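Undergrad: Pasting a structure here, questions to come.
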DNA sequence: CATATGATTCCA
DNA sequence: GGAATCATATGA
């Protein structure tokens with residue numbers, strides 16, 4: 025009853041991405057509070073899969089809003105997306121991290137695996153009994169940054185399309201490059 | 001048909 | 001810093 029409805033998803037991915045932070049996704053009884061998302065805005069967005077037009081792979085992406093778009097990346101990780109705006113728009117929001125009871129859900133691949141999402145869920149409705157979303161229960165302080173892993177998309181790589189809960193410790197990557205933790209050098213072989 | 005590559009993660 | 005690993009997109 026309090027579930028998010030089609031109207032929630034039928035908006036620009038940019039709006040939905042921001043609105044999704046802090047909401048809870050429910051799948052097969054597992055609940056996860058979404059803390060990090062990224063918006064992908066259709067064919068004009070060179071970082072979005074929709075840039076290649078309607079293909080076998082992107083078919084779910086061009087489907088009606090409020091449905092699942094799942095794809096395999098790097099040959100080993102599933103990425104779960106929520107379709108937005110309107111059928112044919114090619115808009116979607118990637119769920120990058122969430123707080124899951126007793127499990128790690130930080131990182132697109134980890135989130136999808138923890139929530140048991142696979143490509144078999146493509147085009148499934150996100151407004152059903154076993155798969156739906158619930159509105160936020162508390163106010164959330166949302167931070168913004170550029171998207172991750174899309175450096176190849178030129179000017180689109182710098183667009184502030186990544187949203188995350190500033191108070192959560194479960195975001196997949198640090199806001200700035202506060203990554204002071206210098207990467208260890210490969211140790212000399214013994 | 002052959003080839004290049006990516007909305008990542010893990011290990012050293 | 002670099003490998004792992006494969007479906008999809010793209011070009012011949």
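Numbering (the working numbering), first residue to last: 25 to 214.
Positions of the beta carbon are idealized from the N, C-alpha and C atoms, including for glycine.
Remember, predicted model here, so these are calculated numbers, not experimental data.
Quick one: residues in its chain with C-beta nearer than 7 Å to the C-beta of residue 118, no 5 flanking neighbours on either side, listed in chain order?
TA: 61, 62, 64, 103, 105 and 132
Undergrad: Do you know whose CA, among 54, 33, 28 and 167, lies nearest residue 136's CA?
TA: 54
Undergrad: Would a C-beta distance cut-off of 9 Å place residue 110 and residue 150 closer than the cut-off?
TA: no
Undergrad: So, for residue 47: in the same chain, excluding its five sequence neighbours on each side, which residues have a beta-carbon less than 8 Å away from its beta-carbon?
TA: 28, 57, 58, 157, 158, 159 and 160
Undergrad: From which residue to which residue does the alpha helix (DSSP H) around residue 55 run?
TA: It is not in any alpha helix (DSSP H) - residue 55 instead sits in the beta strand (DSSP E) that spans 54–65.
Undergrad: For residue 101, collect the residues of the same chain with a Cβ closer than 6 Å to its Cβ; drop the 5 residues on either side in sequence, then sort them by chain order.
TA: 133
Undergrad: What residues match up with residue 194 in a beta bridge as DSSP calls it?
TA: Bridge partners of residue 194: none, in fact.
Undergrad: Please report the distance separating the alpha-carbon of residue 44 from that of residue 186.
TA: 11 Å
Undergrad: Give the straight-line distance between the Cα atoms of residue 208 and residue 81, rounded to the nearest whole angstrom.
TA: Only weak support is given to the placement of residue 208: the predicted model assigns it a pLDDT of 34, under 50, and the question is left unresolved by the model.
Undergrad: On a Cα-Cα basis, can you pick out the residue from 194, 96, 36 and 89 that is closest to residue 144?
TA: 96
Undergrad: Looking at residue 108 and residue 89, is the spacing between their C-beta atoms short of 9 Å?
TA: Their beta carbons are under 9 Å apart, which means residue 89 touches residue 108 by this criterion.
Undergrad: Closer than 6 Å by C-beta to residue 50: which residues in its own chain qualify, once you throw out the five before and the five after it? Chain order, please.
TA: Same-chain partners within the cutoff: 156.
Undergrad: For residue 47, list the residues DSSP reports as bridge partners.
TA: Per DSSP, none; premise fails for residue 47.
Undergrad: May I ask which residues mark the beginning and end of the alpha helix (DSSP H) holding residue 187?
TA: Where residue 187 is concerned, there is no enclosing alpha helix (DSSP H), although the beta strand (DSSP E) it sits in stretches over 186–189.
Undergrad: Short of 8 Å in beta carbon distance, which residues of its chain neighbour residue 206, apart from the five on each side in sequence? Order them along the chain.
TA: For residue 206, the pLDDT reaches just 35, beneath the cut-off of 50, and the residue's location in the model is therefore unreliable, although a value from the coordinates is still provided. Counting only Cβ-Cβ distances below 8 Å, and skipping sequence neighbours, we find nothing.
Undergrad: Which of the three DSSP states is assigned to residue 130 in this structure?
TA: Residue state, collapsed to three classes: strand.
Undergrad: Taking C-alpha atoms, which residue in 153, 42, 127 and 121 lies nearest to residue 196?
TA: 121
Undergrad: Whole angstroms are fine: how far does the CA of residue 52 sit from the CA of residue 140?
TA: The straight-line gap separating the alpha-carbon atoms of residue 140 and residue 52 is approximately 9 Å.
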